[in-house]
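Peer 1: As given, the protein sequences belong to chains A and B, one line each in that order. Residues are numbered in this note's numbering as their position in the first sequence, beginning at 1, plus a constant of 101. Residues are numbered in this note's numbering as their position in the second sequence, beginning at 1, plus a constant of 28. Backbone N, C-alpha and C fix where the C-beta goes; we use that ideal spot for every residue, glycine too. Here it is: the structure, laid out below.
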Amino acid sequence: MQYHKPLSLFFICLFISCTGVDLIDDYVPPVLRITTPYSEITLGDSYSFEASYFNNIGEFIPNSQFEWESSNSEILTIDSNGNATPLRVGTVQIIVRTTSSEGSVLQDEINITIQSNVVLVTPEEPMEEPSEEELISGSNTQTPTITITNAITQITAETNYQLELAFQDAMGNPADVPNSNWTSSNESLLQVDETGTLQAIAAGTVTLTVSVQVSNTLISAQSVINIIAPAVEMVTSFSGEVVSKSSYTLEGSFTLSSGNDGLVLSLDENYKASTALPGLYIYLSNNANTTAGAYGIGAVTVFNGAHSYNLPNSIELMDYKYILYWCKPFNVKVGEAKIYD
Amino acid sequence: MKNLLTLLLICSSFLVHGQWIKEKGTGYLKLGGWSLLANKHFTDQGLTDPNSTRGLFINSIYGEIGIGKKINIIAYLPFFVKNYQYAQVPKTTGKVYEPRQEYNGLGDFNLGLEYGWGQLKNWKLSGSLILGIPSGESTAGSDGSYQTGDGEFNQLLQINLGKSYRINNQSFYLKSYLGYNNRTQGFSDEFHWFGETGTQLFNSNLLILSRLHWIKPLYNGTLDASNANGAIFANNIESFTLGGELAWSIGEKWGMALGTATPLFGKVIYKATSFSGGVFLIF
Numbered sequence: 102m103q104y105h106k107p108l109s110l111f112f113i114c115l116f117i118s119c120t121g122v123d124l125i126d127d128y129v130p131p132v133l134r135i136t137t138p139y140s141e142i143t144l145g146d147s148y149s150f151e152a153s154y155f156n157n158i159g160e161f162i163p164n165s166q167f168e169w170e171s172s173n174s175e176i177l178t179i180d181s182n183g184n185a186t187p188l189r190v191g192t193v194q195i196i197v198r199t200t201s202s203e204g205s206v207l208q209d210e211i212n213i214t215i216q217s218n219v220v221l222v223t224p225e226e227p228m229e230e231p232s233e234e235e236l237i238s239g240s241n242t243q244t245p246t247i248t249i250t251n252a253i254t255q256i257t258a259e260t261n262y263q264l265e266l267a268f269q270d271a272m273g274n275p276a277d278v279p280n281s282n283w284t285s286s287n288e289s290l291l292q293v294d295e296t297g298t299l300q301a302i303a304a305g306t307v308t309l310t311v312s313v314q315v316s317n318t319l320i321s322a323q324s325v326i327n328i329i330a331p332a333v334e335m336v337t338s339f340s341g342e343v344v345s346k347s348s349y350t351l352e353g354s355f356t357l358s359s360g361n362d363g364l365v366l367s368l369d370e371n372y373k374a375s376t377a378l379p380g381l382y383i384y385l386s387n388n389a390n391t392t393a394g395a396y397g398i399g400a401v402t403v404f405n406g407a408h409s410y411n412l413p414n415s416i417e418l419m420d421y422k423y424i425l426y427w428c429k430p431f432n433v434k435v436g437e438a439k440i441y442d
Numbered sequence: 029m030k031n032l033l034t035l036l037l038i039c040s041s042f043l044v045h046g047q048w049i050k051e052k053g054t055g056y057l058k059l060g061g062w063s064l065l066a067n068k069h070f071t072d073q074g075l076t077d078p079n080s081t082r083g084l085f086i087n088s089i090y091g092e093i094g095i096g097k098k099i100n101i102i103a104y105l106p107f108f109v110k111n112y113q114y115a116q117v118p119k120t121t122g123k124v125y126e127p128r129q130e131y132n133g134l135g136d137f138n139l140g141l142e143y144g145w146g147q148l149k150n151w152k153l154s155g156s157l158i159l160g161i162p163s164g165e166s167t168a169g170s171d172g173s174y175q176t177g178d179g180e181f182n183q184l185l186q187i188n189l190g191k192s193y194r195i196n197n198q199s200f201y202l203k204s205y206l207g208y209n210n211r212t213q214g215f216s217d218e219f220h221w222f223g224e225t226g227t228q229l230f231n232s233n234l235l236i237l238s239r240l241h242w243i244k245p246l247y248n249g250t251l252d253a254s255n256a257n258g259a260i261f262a263n264n265i266e267s268f269t270l271g272g273e274l275a276w277s278i279g280e281k282w283g284m285a286l287g288t289a290t291p292l293f294g295k296v297i298y299k300a301t302s303f304s305g306g307v308f309l310i311f
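The structure is reproduced here in structure tokens:
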């Protein structure tokens with residue numbers, strides 16, 4: 102057996118091939134993302150905006166420093182912590198910036214529409230006639246009047262509004278407003294301070310009364326105000342298409358939506374996946390190239406037709422950018438869906 | 029991408045190595061090693077997709093022994109199967125996020141009988157029944173995919189034809205078989221076709237041969253990902269494999285062999301070239 106040496110060498114070579122590594126190209130461009138999906142807010146309240154920074158492997162980096170900016174500070178102001186105060190009705194862009202670990206400046210922006218939080222009394226809809234009590238005499242004089250010059254019929258709950266008064270004296274001339282007394286018929290719905298600042302609390306209908314004492318005359322004005330629920334519009338769902346990134350069949354439409362008990366990922370009736378693959382799993386990830394750091398929803402058990410996955414409350418709508426279908430045993434991406442751009 | 033297919037292919041290359049029906053008390057034994065390393069596979073559509081690098085390393089004993097005038101015992105015993113996957117390392121961080129994994133165990137044994145029917149004109153005719161014993165692990169390793177067997181008992185029935193022929197005074201042999209593999213546990217049955225030709229050189233000290241092996245599933249199985257909890261690694265596999273081998277004598281009884289095989293096309297099978305080697309004894 103003089104050939105035992107080369108034979109042994111051959112077997113050793115075969116065995117050595119059992120060790121090695123696969124290098125996974127997991128780089129993705131770092132991104133900055135505004136994760137508070139407001140699309141419409143109202144005047145009279147303040148809003149807190151948040152953003153998340155994901156590094157070059159799609160990993161969320163907590164406690165990152167951000168720089169916030171409003172495209173029009175006359176419409177909306179925003180401080181360094183992302184707290185925004187709308188000032189006027191209009192459309193404004195909120196911009197956030199940070200510097201990535203690679204030194205590049207990252208930016209994200211969203212467009213916000215600011216709606217008025219009140220409905221003013223229109224000329225065709227005159228304010229309710231004020232009631233008045235006259236306790237003085239004198240036939241050549243007019244009755245002093247008090248008027249709310251910016252009266253409203255509706256206000257959005259959880260917002261504020263400043264009412265203004267105008268006063269006419271007994272001669273019919275404009276005069277300084279005497280000390281006024283504001284009252285709300287239901288302070289659990291609407292509160293008002295001594296300057297006429299309204300604070301709408303909850304939905305309902307309230308009668309607001311303002312009165313002034315002129316000599317012996319108590320003059321008052323009333324306004325019936327309807328308080329509606331907050332009208333903040335937020336994005337509550339994303340839809341898209343699952344597409345195959347392999348030679349295996351995988352297709353269908355999806356919707357990721359906010360439900361009462363957390364997010365729900367729904368696949369539509371047109372969903373179809375190959376049953377030839379072993380170990381097909383579904384993930385949520387910020388890196389489409391790897392499942393490292395991804396959230397594993399679980400093994401795929403439905404390969405045709407509509408079905409859904411209930412996600413835990415800890416996952417927010419914009420936490421992940423991709424849905425990944427992955428052959429887990431062989432570490433291969435089968436398909437993906439982009440949740441949002 | 030199916031490990032068991034590769035096992036099957038190995039078996040096929042061993043199972044047909046013998047020459048005709050052995051005389052009683054004579055035989056052929058081979059101690060072999062076989063290795064395959066693959067980072068791509070044929071999909072169920074017959075296209076090529078990548079996969080993490082997976083490998084199989086097998087040590088086995090193959091034997092054909094004559095137990096009667098017309099009957100041989102055939103056995104393929106993979107006594108050591110290593111199924112492994114490379115560590116997964118991201119380029120960006122360099123930190124291993126999925127370490128190297130492997131599972132070692134017995135493979136599926138094949139035991140069979142071959143009966144010589146005699147001559148049909150110039151052809152030697154025989155029949156074989158080979159039983160696939162599920163001695164390996166059908167789910168193994170962290171996710172069940174490091175299997176060393178398919179977990180099913182199958183019966184491969186073959187009709188074997190062989191003949192000798194000459195080209196320019198050089199003698200060649202040709203052997204082939206048609207087979208039907210009845211598989212159980214929801215696996216699809218298979219049609220097999222095999223052909224091998226070879227010749228001896230250097231005073232019959234060197235045997236050079238080439239093989240073709242076609243496995244075609246009948247797609248009559250019920251097993252798929254929707255009902256198998258992921259253990260579907262060897263169903264509906266198809267392959268058309270080209271192989272070759274060199275065997276040379278070392279003395280009167282002993283010899284060494286080196287072989288290789290590669291799938292020309294297939295479905296649900298690794299797309300990689302395998303290499304094998306071994307020591308054989310003819311007695």
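(1) Residues bridged to B/L57 by DSSP?
(2) Would you kindly report the start and end of the unbroken beta strand (DSSP E) that includes B/A103?
(3) Using DSSP with H/G/I as helix, E/B as strand and the rest coil, what is B/K119?
(4) Report yes or no: is there a C-beta of chain A within less than 8 Å of the C-beta of B/D166?
(5) Does the segment 46 to 60 of chain B come within contact of the segment 426 to 435 of chain A, defined as at least 3 CB pairs closer than 8 Å?
(6) Using C-beta distances below 6 Å, list every residue in its chain close to B/F268, excluding the 5 sequence neighbours before and after it, in chain order.
(7) Under 8 Å, Cβ to Cβ, is there at least one residue of chain A near B/K119?
(8) How far does the beta strand (DSSP E) with B/A253 in it extend, from its first residue to its last?
(9) So, with DSSP's three-state summary, where would you put A/I424?
(10) Could you check whether the Cβ of A/V122 sits closer than 8 Å to any Cβ belonging to chain B?
(11) From what residue to what residue does the beta strand (DSSP E) around B/F200 run?
(12) Could you tell me how far apart the beta carbons of A/L366 and A/L412 are, in whole angstroms, since I believe they sit closer than 8 Å?
(13) Among A/A400, A/V401, A/S359, which one has its Cα closest to the Cα of A/D420?
(14) Hey, would you say B/T290 sits closer than 8 Å to B/L270, going by beta carbons?
(15) Start and end of the beta strand (DSSP E) containing A/D277?
(16) Can you tell me whether B/Q186 is helix, strand or coil according to DSSP?
(17) Given that B/T71 touches chain A, what residues does it touch there, using C-beta distances under 9 Å?
(18) Tell me the residue span of the beta strand (DSSP E) that contains B/L153.
(19) My guess is that B/K52 and B/K97 are in contact by the Cβ rule of under 8 Å, so how many angstroms apart are they, rounded?
(20) Of the residues B/W276, B/H220, B/L139, which one's Cα is nearest the Cα of B/E266?
(21) Would you kindly work out how many angstroms separate the C-alpha atoms of B/K68 and B/T212, rounded to a whole number?
(22) Span of the beta strand (DSSP E) holding A/P384?
(23) Name the DSSP beta bridge partners of A/I213, please?
(24) How is the beta strand (DSSP E) around A/K439 delimited, first residue to last?
(25) Between the C-alpha atoms of B/I99 and B/E142, what's the straight-line distance to the nearest angstrom?
(26) Would DSSP call A/L378 helix, strand or coil?
(27) Nearest CA to the CA of A/L280: which residue from A/Q314, A/N173, A/A377, A/G121?
(28) Could you tell me which residues DSSP puts in a beta bridge with A/M419?
(29) With a 10 Å radius around its C-beta and 16 neighbouring C-beta atoms as the bar for buried, classify A/P275 as buried or exposed.
(30) If you measure beta-carbon to beta-carbon, which residues of the segment 76 to 98 of chain B are closer than 8 Å to chain A?
(31) Measuring CB to CB, does A/V193 end up less than 8 Å from A/Q216?
(32) Against chain A, does B/N132 count as a neighbour if the rule is that its beta carbon must be under 8 Å from one of theirs?
(33) Give a yes or no on whether 8 Å exceeds the smallest Cβ distance from A/T186 to chain B.
(34) What three-state label does DSSP hand B/I49 in the structure shown?
(35) I'd like to know whether the C-beta atoms of B/N25 and B/I158 end up nearer to each other than 8 Å.
(36) Nearest by alpha-carbon distance to A/K434: which of A/A407, A/N327, A/L385 is it?
Peer 2: The answer reads as follows:
(1) Taking the first residue of the second sequence as 1, we reach residue 57 of chain B at position 29. B/G91, B/L309.
(2) Residue numbering aside, residue 103 of chain B sits at position 75 when the second sequence is read from its first letter. 99 to 113 is the span of the beta strand (DSSP E), which, as asked, contains B/A103.
(3) Taking the second sequence and counting its residues from 1, the one referred to as residue 119 of chain B is at position 91. B/K119: coil per DSSP, three-state reduction.
(4) Here residue 166 of chain B is taken as the residue at index 138 of the second sequence, counted from 1. The identity of residue 166 of chain B in the sequence shown is Ser, whereas the question assumes Asp. Contact with chain A is absent for B/S166, since none of that chain's Cβ atoms lies less than 8 Å from the residue's Cβ.
(5) In this structure the segment 46 to 60 of chain B does not touch the segment 426 to 435 of chain A; the number of beta carbon pairs closer than 8 Å is below three.
(6) What you label residue 268 of chain B is simply residue 240 of the second sequence in a count that begins at 1. The beta carbon of B/F268 sits closer than 6 Å to those of W242, L292, F293, all from its chain and outside the five residues before and after it, given in chain order.
(7) The residue you call residue 119 of chain B lines up with position 91 of the second sequence. Closer than 8 Å: yes.
(8) Residue 253 of chain B sits at position 225 when you count from the first residue of the second sequence. Where B/A253 is concerned, there is no enclosing beta strand (DSSP E), given that its DSSP letter is neither H nor E.
(9) Working through the first sequence from its first residue, we reach residue 424 of chain A at position 323. Of the three classes helix, strand and coil, the one that applies to A/I424 here is strand, per DSSP.
(10) Along the first sequence, read from residue 1 onward, the residue named residue 122 of chain A stands at position 21. Yes, A/V122 counts as interfacial toward chain B.
(11) Residue 200 of chain B sits at position 172 when you count from the first residue of the second sequence. Run containing B/F200: 198 to 210, per the beta strand (DSSP E) assignment.
(12) Indexing the first sequence from 1 puts residue 366 of chain A at position 265. Indexing the first sequence from 1 puts residue 412 of chain A at position 311. Sure, about 6 Å apart at Cβ, within 8 Å.
(13) In the first sequence, counting from the first residue as 1, residue 420 of chain A sits at position 319. Taking only the C-alpha atoms, the option nearest A/D420 is A/S359.
(14) Numbered from its first residue, the second sequence carries residue 290 of chain B at position 262. Numbered from its first residue, the second sequence carries residue 270 of chain B at position 242. Yes. Within cutoff.
(15) Against the first sequence, residue 277 of chain A aligns to sequence position 176. Per DSSP, A/D277 is not a residue of any beta strand (DSSP E), being assigned neither H nor E.
(16) As a working note, residue 186 of chain B is residue 158 in the second sequence. Under the three-state reduction of DSSP output, B/Q186 falls in the strand class.
(17) Position 43 of the second sequence, counting from 1, holds the residue named residue 71 of chain B. Under the 9 Å cutoff, chain A gives S347, S348, Y349, S375, A377, L378.
(18) The sequence position of residue 153 of chain B within the second sequence is 125, counting from 1. The continuous beta strand (DSSP E) containing B/L153 extends over residues 151 to 161.
(19) As a position in the second sequence, residue 52 of chain B is number 24, starting the count at 1. As a position in the second sequence, residue 97 of chain B is number 69, starting the count at 1. Right, their Cβ atoms sit about 6 Å apart.
(20) The residue you call residue 266 of chain B lines up with position 238 of the second sequence. Residue B/H220 is the option with its Cα nearest to B/E266.
(21) Locating residue 68 of chain B in the second sequence gives position 40, counting from the first residue. Locating residue 212 of chain B in the second sequence gives position 184, counting from the first residue. When rounded, the distance between both Cα atoms is 28 Å.
(22) Here the question's residue 384 of chain A lines up with position 283 in the first sequence. Correcting the residue identity first, residue 384 of chain A is Tyr in this sequence and not Pro. That run of the beta strand (DSSP E) goes 381 to 386.
(23) Reading the first sequence from its first residue, position 112 is the one you call residue 213 of chain A. Partner residues in the beta bridge of A/I213, as assigned by DSSP, are A/V193.
(24) Counted from its first residue, the first sequence places residue 439 of chain A at position 338. Per DSSP, A/K439 belongs to the beta strand (DSSP E) from 433 to 439.
(25) The residue labelled residue 99 of chain B in the question sits at position 71 within the second sequence. The residue labelled residue 142 of chain B in the question sits at position 114 within the second sequence. The C-alpha of B/E142 is placed about 6 Å away from the C-alpha of B/I99.
(26) Position 277 of the first sequence holds residue 378 of chain A. It is coil, neither helix nor strand.
(27) Within the first sequence, residue 280 of chain A is the residue found at index 179, counting from 1. Here residue 280 of chain A turns out to be Asn, not Leu, going by the sequence shown. Of the listed residues, the one whose Cα sits closest to A/N280 is A/Q314.
(28) Residue numbering aside, residue 419 of chain A sits at position 318 when the first sequence is read from its first letter. The beta-bridge partner set that DSSP reports for A/M419 is empty.
(29) Walking along the first sequence from the start, residue 275 of chain A turns up at place 174. Exposed, by the Cβ-count rule.
(30) Along the segment 76 to 98 of chain B, the positions whose C-beta sits under 8 Å from a C-beta of chain A are T76, D77, P78, N79, S80, T81, R82, G83, F85, read in chain order.
(31) Along the first sequence, one-based indexing puts residue 193 of chain A at 92. Along the first sequence, one-based indexing puts residue 216 of chain A at 115. In this structure, A/Q216 does not lie closer than 8 Å to A/V193 by Cβ.
(32) Counting from one through the second sequence, the residue named residue 132 of chain B turns up at place 104. No - not a single Cβ of chain A is within 8 Å of the one on B/N132.
(33) By 1-based counting over the first sequence, the position of residue 186 of chain A is 85. No, A/T186 lies away from the interface with chain B (no Cβ there is under 8 Å from its Cβ).
(34) Position 21 of the second sequence holds residue 49 of chain B. Coil at B/I49, not helix or strand.
(35) Chain B is shown only over 29 to 311; residue 25 of chain B falls outside these bounds and no answer can be derived.
(36) Start at 1 with the first residue of the first sequence, and residue 434 of chain A comes out as number 333. For A/K434, the nearest C-alpha among the options comes from A/L385.
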